[in-house]
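First comes the structure, then the notes that go with it.
In our numbering, the protein residues as written are 5 to 236.
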């Protein structure tokens with residue numbers, strides 16, 4: 005799936021807050037929007053090569069989005085909007101399941117949350133939540149890279165949905181291709197990690213999806229490779 009056309013290379017300078025970064029572009033210091041609330045400290049630091057896409061729009065404070073970074077000889081996606089779009093594209097192409105699912109609703113309200121997808125297959129009802137992951141340490145993909153109360157609530161809702169005859173699923177979309185296993189990041193968020201382990205025990209389907217981010221003719225793509233093992 006294509007993520008952005010005519011991407012622009014730049015050099016990262018600083019990140020004064022979660023969503024604002026500064027890069028060097030054509031000798032100038034330029035502000036840009038960072039569409040990822042994670043800490044990203046392992047990925048974004050001064051001197052890193054990053055990739056921008058033009059996002060000029062009336063009312064915006066910045067003209068560019070910072071959507072990817074070069075790290076350890078690969079490209080890592082740092083756009084939290086991508087995982088949902090990618091999974092939706094794969095669902096439409098019937099690449100995630102052996103049989104076709106009927107997508108009933110995106111942003112489905114359940115309990116006190118809005119979950120990403122409500123699907124049906126025959127009489128079976130499915131709830132699917134998608135999370136993006138771009139932190140890999142020693143070949144292990146880790147989520148989250150910042151504490152996530154909202155993410156914990158989503159997992160709790162999916163556990164509860166099992167009691168109401170839903171089949172609950174969580175897909176972790178890894179926006180890089182150098183991980184061999186996935187596990188929850190207990191050091192960063194022990195509460196989320198405990199809830200995810202409980203979800204697995206209760207029967208929530210958890211998948212970790214490995215993807216390759218690459219540049220082709222100045223456009224940025226994400227390509228689904230395969231599932232990787234869960235390490236918990």
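Cβ atoms here follow ideal geometry from the backbone N, Cα and C, with glycine treated the same way.
Query	Result
For a test of the three-state rule: what should DSSP assign to residue 32, helix, strand or coil?	strand
Compute the Euclidean distance between the alpha carbons of residue 147 and residue 30, then round it to the nearest angstrom.	35 Å
List in chain order: all unbroken alpha helix (DSSP H) runs of 4+ residues lying wholly within the stretch 156 to 230.	194 to 206
Going by the CB atoms, is the gap between residue 117 and residue 161 shorter than 9 Å?	yes
Assign residue 99 to buried or exposed, taking buried as 16 or more other Cβ atoms, counted over all protein chains shown, within 10 Å of its Cβ.	exposed
Determine contact between the stretch 92 to 108 and the stretch 138 to 158, defined as no fewer than three beta-carbon pairs at a distance below 8 Å.	no
Terminal residues of the continuous beta strand (DSSP E) containing residue 125?	117 to 125
Of the choices 94, 131, 17, 139, whose alpha-carbon is the least far from that of residue 167?	131
Over the uninterrupted alpha helix (DSSP H) stretch that includes residue 95, give me the two end residues.	86 to 96
Please report the straight-line C-alpha distance between residue 112 and residue 40, rounded to a whole angstrom.	22 Å
Excluding five sequence neighbours on each side, which residues of the same chain lie with their C-beta closer than 8 Å to the C-beta of residue 10?	57, 58, 222, 223
Which residue marks the beginning of the beta strand (DSSP E) containing residue 16, and which one marks its end?	12 to 21
Helix, strand or coil for residue 38 per DSSP?	coil
What whole-angstrom Cβ distance do residue 139 and residue 33 have, given they're in contact under 8 Å?	At roughly 27 Å, the Cβ-Cβ gap does not stay under 8 Å, so residue 139 and residue 33 are not in contact.
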